[in-house]
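Here the structure is laid out as structure tokens; the discussion comes afterwards.
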Amino acid sequence: MVAFPRAFFAVDSVELAPLLLNKLIVRGERVGRIVEVEAYAGAADPASHAFRGPTARNATMFGPPGHLYVYFTYGMHFCANVVCGPEGEASAVLLRGLTPLGGLEEMRAARGPAARLDRDLTNGPGKLCQALGLDRSFDGADLVTGDRGVEVADDGTAPPSPPGVSGRIGVSVAADVRWRFYVPGAAGVSRARAAP
DNA sequence: CTTTGGATCGTCT
DNA sequence: GACGATCCAAAGG
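Using the working numbering, read the first sequence as starting at 59 and increasing by one per residue.
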């Protein structure tokens, strides 16, 4: 289990996204393997929260790489991103699906009765935040130092080659951009339909 | 299995 | 005042 240097995150989101596949996100006992992500490219990407410039909500995206950007949406859900690229450029990678590896009891308790199967614990961006207990108080957490108890780590598992690729889910613009990456066949990949 | 509609509120126009 | 980088229960095949 090895932590990443900050330089690992200081690259474009489209480059980093597939590299995060099969890496781990760790919060205490709770561990998940990252199996589905989407890249968002800041000012150049109409689907990004940062497309119209900095605001109070998206400030973390403009900060240094290797931090967590957590936002609230649909009146009831949180989503978590890994901030990447150089400081000042608001690119990020959305975590969309995990395979639960550890702390399953805590995850079940956090998710409640709706998660009937273990694969339902973390197979969606809102679900994985709920399972890991990530909310707005984790916005800005440093994934390199683990200053708030959350970090990204490597257990030596290589990313898939090639990864699965598709259009991004849930976005109403730039539907032709294929920046969703996933581990084919892995438990925890969300079942929502993507653009083929 | 798939499809559909409701929930619910912070954020930006 | 409108709309989400969503989830879930319910209903239909």
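Ideal Cβ positions, reconstructed from N, Cα and C, are used throughout, including at glycine. Just so we're clear, the structure is a prediction, and the values are computed from it rather than from any experiment.
On a CA-only basis, which of L190, S230, V223 and D193 is nearest E268? Give me that one, please. Here the chain covers residues 59 to 254 and nothing more, so residue 268 does not appear.
Is any heavy atom in the ligand SAM found nearer than 7 Å to the beta carbon of A173? Looking for the ligand SAM in the displayed structure turns up nothing, as the structure carries no ligands at all.
Cβ-based burial, R249 [other Cβ within 10 Å; buried from 16]: exposed
Pick out whichever of G124, L152, V60 and P63 has its Cα sitting closest to the Cα of I227. L152
Check R91 in the structure and name its three-state DSSP category. strand
Three-way DSSP call (helix, strand, coil) for A232 in this model: coil
Could you tell me the distance, in whole angstroms, from the CA atom of G207 to the CA atom of V229? 30 Å
Can you name, in chain order, every residue of its own chain whose Cβ lies under 6 Å from the Cβ of D200, other than the five neighbours on each side? H125
For Y132, does the count of other Cβ atoms within 10 angstroms reach 16, so buried, or fall short, so exposed? exposed
Sub-8 Å separation of V210 and F120 beta-carbons: no
Inside the region 130-156 only - alpha helix (DSSP H) runs reaching at least 4 residues: none
Nearest neighbour of W237, chosen from V231, G243 and G225 [CA to CA]: G225
Since T173 is in the alpha helix (DSSP H), which residue starts that stretch and which ends it? Sequence check: residue 173 is Ala here, not Thr. Taken as a continuous stretch (DSSP letters only), A173 belongs to no alpha helix (DSSP H), as it is neither H nor E.
Is S71 buried or exposed, if buried means 16 or more other CB atoms sit within 10 Å of its CB? buried
Take K81 as the anchor and find which of E164, L159, D197 and A105 has the nearest alpha-carbon. L159
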